[in-house]
Amino acid sequence: MHFGSPGLPGRALPWYKRTMTFGVVINQLEGSFFSAQWRVLAEWGRSRGVRLIYFTGKALESTLPMEKQHNSIYSLIDPARLDGLLVFSGSLGNLVSPAVLREVMEPWGRIPLVTVNSRVASYPSIHTDSTDAISDLVEHITVYHGLGEVGIVAGEPTNPEAAERLDQLLASLENRGVSPGDVRIFHGDFSSASGTLAAEHFLETGVPQAILCCNDEMAHSLILRLQSSGVFVPEDTAVTGFDGLPFGQNIFPALTTVELPHRETTIRSMEILLDLASGAGTRSWAGYPGTQSPAPCRLVIRQSCGCLDYLSDQAEAAGGSETRGCLEEDNTNPGAESRRIRDSMGKGHPLPALHQPVLDGFRSLETTTDPEARSCILKQLRRHYFMNVKAAGQIQYAVTHDLFLFEWKFRTASRAISSNLYLEGLLETLKTSIPYLGISLFRLYLYNQPILWPQDGVVDRAAGRLSRPPADSLVLHLEMQGDACTVFSPGGEIKPIHHIYQPWPAYARGGSDPGPGVVVKPLFFGEVQMGLFVMSAEKEPDMLFESLREVLSISLEHIHINRQMQEARRRLEASLAESSALNKTLQHISVHDELTGLLNRRGFFQLAQKIMETQPAGEEMYLFYLDMDGLKQINDRFGHNTGDTAITEFATALRACFRANDLICRMGGDEFTVLARSGNPDYPSQIRSRLKTELERRSAEGNLSFTLSASLGYQPFRIRPEVNIEQILRQADAGLYREKQKRKD
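Have a look at this one:
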């Protein structure tokens with residue numbers, strides 16, 4: 001297909017030594033308006049052998065969290081990796097002054113740059129002038145149809161393009177005698193939801209005779225909402241749109257609209273960009289005026305304003321038999337007609353424009369007085385009209401059917417993608433889901449650490465440019481080209497930021513086929529940037545890119561949360577283990593003597609009480625109470641360190657004399673107690689003798705400067721519920737006292 005533009009002849013680009021790469025900055029690729037732009041761009045890129053990379057961001061310095069996160073994509077635009085850049089201004093500069101917009105675009109301007117509907121005068125810009133078409137629309141509504149009560153569904157006041165359309169509508173209405181103060185204005189945001197809200201507003205406040213919508217999507221949803229409430233279009237109110245999107249001719253009623261030259265605008269801007277990029281190193285843009293208009297906008301009259309209803313009535317009045325004949329003739333080969341329409345759609349052509357012959361004939365009918373000529377015109381009108389109705393039905397069925405099939409496939413894939421809790425599982429799922437969705441090229445990058453996107457907007461005023469991620473922060477995890485898939489694991493491969501511009505192997509060597517365009521989308525949740533993906537944009541968008549971004553972001557959020565939970569669980573388990581060990585240490589300290597390691601008073605009574613409660617009643621026990629001899633003299637003569645040594649040596653001797661399961665306790669100072677099991681009446685004498693021998697041996701072998709000795713008292717008893725261990729201890733202490741008295745005597 002020839003893409004020549006006035007002043008820019010089509011060329012085969014013989015100077016190419018490599019495939020050129022152009023960036024396209026655009027609000028989005030989804031939706032009727034942007035899909036129409038995308039189709040032309042994709043077709044142009046293939047025809048010209050130019051690789052296209054789409055960067056889809058929102059309004060600069062937006063305060064809306066979602067838009068702010070989308071704007072991270074602007075930071076990835078690298079002029080050093082592009083041969084040219086096309087900027088569809090859209091909402092890019094809605095919230096900033098032209099100076100700020102110029103500041104943002106200045107780094108991009110190092111390469112050829114063309115804008116569409118831009119307020120920055122520094123670069124070549126393509127601008128569409130809709131003044132005459134809007135004047136024609138207002139004249140048609142107010143003069144031809146005689147409708148003076150008018151409502152307007154406008155865009156956001158902050159949107160320069162929306163404000164311009166509203167001003168032109170109000171000025172044209174005023175020229176036709178309708179005061180701007182009498183016009184009922186509802187401000188939307190160019191979305192379908194805005195059209196629904198506008199319809200509800202007019203249903204509450206009164207539906208005017210005509211409603212002029214500032215874009216087609218709002219007009220379509222407004223019509224649907226009005227008709228669902230019993231207000232019919234055009235019988236009860238006339239509705240018009242703006243943009244001239246292809247779907248407008250296939251809805252019911254077909255939409256009267258101001259048609260913008262989308263195709264001409266896109267082709268003209270890309271041809272200028274190509275001409276600049278191929279300028280043998282020059283960057284002179286003097287040959288291109290600051291603003292150009294590629295083609296005039298035009299009024300397209302269809303059914304929603306009432307015109308085609310009138311035409312239908314005329315056709316029926318002319319004769320039902322001829323009408324039936326036309327229908328029979330049209331239905332002789334419906335399969336071939338359906339295939340023709342489907343083939344046209346499959347090649348990316350605009351939907352068949354069958355309304356225009358009807359309108360041309362209608363205008364001829366108004367000016368023709370010859371009866372025979374009028375009869376011929378009416379016959380052709382009937383034929384074209386019913387062909388239109390039939391084609392619209394077939395197209396709508398094809399679109400609906402294909403969309404249903406894709407949505408079903410996407411729901412299946414999204415459930416599989418979003419159900420993963422581990423990155424490894426997500427990568428395995430993508431290996432099958434991406435080809436299943438018909439995506440031929442795909443790369444998944446994640447930041448090695450999630451990035452909190454700046455809170456003060458995307459403009460880094462200090463650096464005079466957009467903030468960028470750290471150079472070594474991008475990790476490639478998955479690369480797919482057709483059936484070939486590479487998973488970079490474990491951990492992926494660190495890549496420079498500019499790797500997103502790297503062509504896939506099949507297209508890396510240049511040639512006539514640049515490959516499909518690719519779109520770059522950020523992956524985020526909340527205010528956290530997780531990474532991005534690059535995927536081929538050869539399919540009709542139909543919300544594919546944004547929907548896939550949302551599903552992948554949700555899956556990554558689940559993975560991130562699960563990873564945090566696993567890490568928190570590991571930390572908790574480690575903390576619990578540490579806490580348990582600390583508790584054991586504290587418990588040990590609380591019941592043991594720090595110097596000797598024996599039980600302290602508390603530990604002794606706790607364990608002794610457990611023994612009293614758990615051992616069989618009647619079991620014979622001994623409670624010994626011991627007192628080291630001469631500890632005070634040792635401390636006074638040799639110091640407390642030597643006294644501590646004497647205590648530890650005495651404790652060691654006690655361990656040697658008693659069994660391991662006996663309770664040995666340092667009650668404090670030089671006093672010790674032992675709870676031992678034994679039914680032997682001679683057991684106390686054996687312990688006394690054994691302890692005396694052990695102390696003498698330690699005194700001799702340890703080269704101690706003192707002699708260890710001790711006094712001993714004891715109390716035998718049997719375990720009984722009524723036995724009190726403290727009472728037994730006092731009795732043993734009394735025995736110790738008696739022994740000391742004997743030794744003194």
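Be aware that the sequence shown starts at 1, since it is given in full-length UniProt numbering, and climbs by one per residue. Each residue gets a CB set at the ideal place from its N, CA and C atoms; glycine is no exception. Keep in mind it's a predicted model, so treat the numbers as computed, not measured.
In this structure, the CA atom of Thr240 is about 11 Å from the CA atom of Glu217.
CA-CA distance, Gly482 to Gly515, rounds to 12 Å.
Distance from the Cα of Gly492 is smallest, within the candidate group Ala581, Leu444 and Thr432, for Leu444. Under the DSSP assignment, Leu166 falls in the alpha helix (DSSP H) whose first and last residues are Pro160 to Asn175.
About 26 Å separates the Cβ atoms of Arg110 and Pro160, ruling out a contact at the 8 Å cut-off. Per DSSP, reduced to three states, the secondary structure at Pro296 is coil, with no helix or strand assignment. Cα atoms of Ile559 and Leu478: separation of roughly 16 Å, rounded to the nearest angstrom. Apart from sequence neighbours up to five positions away, no residue of its chain approaches Glu578 with a beta-carbon distance below 7 Å. Nearest neighbour of Asn600 by Cα position, chosen from Leu607, Thr645, Gln606 and Val591, turns out to be Val591. Its chain contains Gln168, Leu169, Ser172 and Val258 as the residues whose beta carbon lies nearer than 7 Å to that of Ile134, once the 5 sequence neighbours on both sides are disregarded; these appear in chain order. Per the DSSP secondary-structure output, Phe650 pairs with nothing in a beta bridge. The straight-line gap separating the alpha-carbon atoms of Ala676 and Glu620 is approximately 9 Å. Taking 8 Å as the cut-off, the Cβ atoms of Ala617 and Ile725 do not count as close. Ser705 has its alpha-carbon roughly 32 Å from the corresponding atom of Gly603. Judged by DSSP in its simplified three-state form, Cys657 adopts helix.
Per DSSP, reduced to three states, the secondary structure at Gly603 is helical.
Met66 and Gly526 have their C-alpha atoms some 8 Å from each other. Between the C-alpha atoms of Ile497 and Leu474 there is a straight-line separation of about 6 Å.
Sixteen is the threshold: since fewer than 16 other Cβ atoms of the shown chains lie within 10 Å of the Cβ of Gly639, the residue is exposed.
About 6 Å separates the CB atoms of Ile53 and Thr21; that is less than 8 Å, so the two are in contact. If you draw a straight line from the Cα of Ser489 to the Cα of Tyr422, it is about 13 Å long. Within the region 668 to 712, the complete alpha helix (DSSP H) segments of 4 residues or longer fall at 683 to 701, listed in chain order. Annotated as proximal: Leu101 and Val120, with beta-carbon spacing under 8 Å. For the pair of segments examined, the region 146 to 160 was found to touch the region 174 to 193: the number of CB pairs separated by less than 8 Å reaches three. The residues Ala42, Ser440, Pro516 and Gly517, in chain order, have a CB closer than 8 Å to that of Glu538 in the same chain once the five nearest residues on each side in sequence are set aside.
The three-state secondary structure of Arg443, taken from DSSP, is strand.
For Arg302, there is no enclosing beta strand (DSSP E), as DSSP marks it with neither H nor E. Between Val40 and Thr266 a beta carbon distance of about 4 Å is seen, short of the 8 Å cut, so the two are scored as contacting. Residue state for Asn448 is assigned as strand, using DSSP reduced to three classes. In the displayed model, Lys58 falls within coil according to three-state DSSP, outside both helix and strand.
Taking a cut-off of 8 Å for Cβ pairs, the region 620 to 629 and the region 695 to 714 touch, as three or more such pairs fall below it. Between Phe410 and Ser547, the gap from beta carbon to beta carbon is short of 8 Å. In the structure shown, Pro124 falls within a coil segment according to DSSP collapsed to helix, strand and coil.
Gly531 and Leu476 have their C-alpha atoms spaced approximately 10 Å apart. Under the 8 Å Cβ criterion, the region 208 to 217 counts as touching the region 143 to 150, having at least three qualifying pairs.
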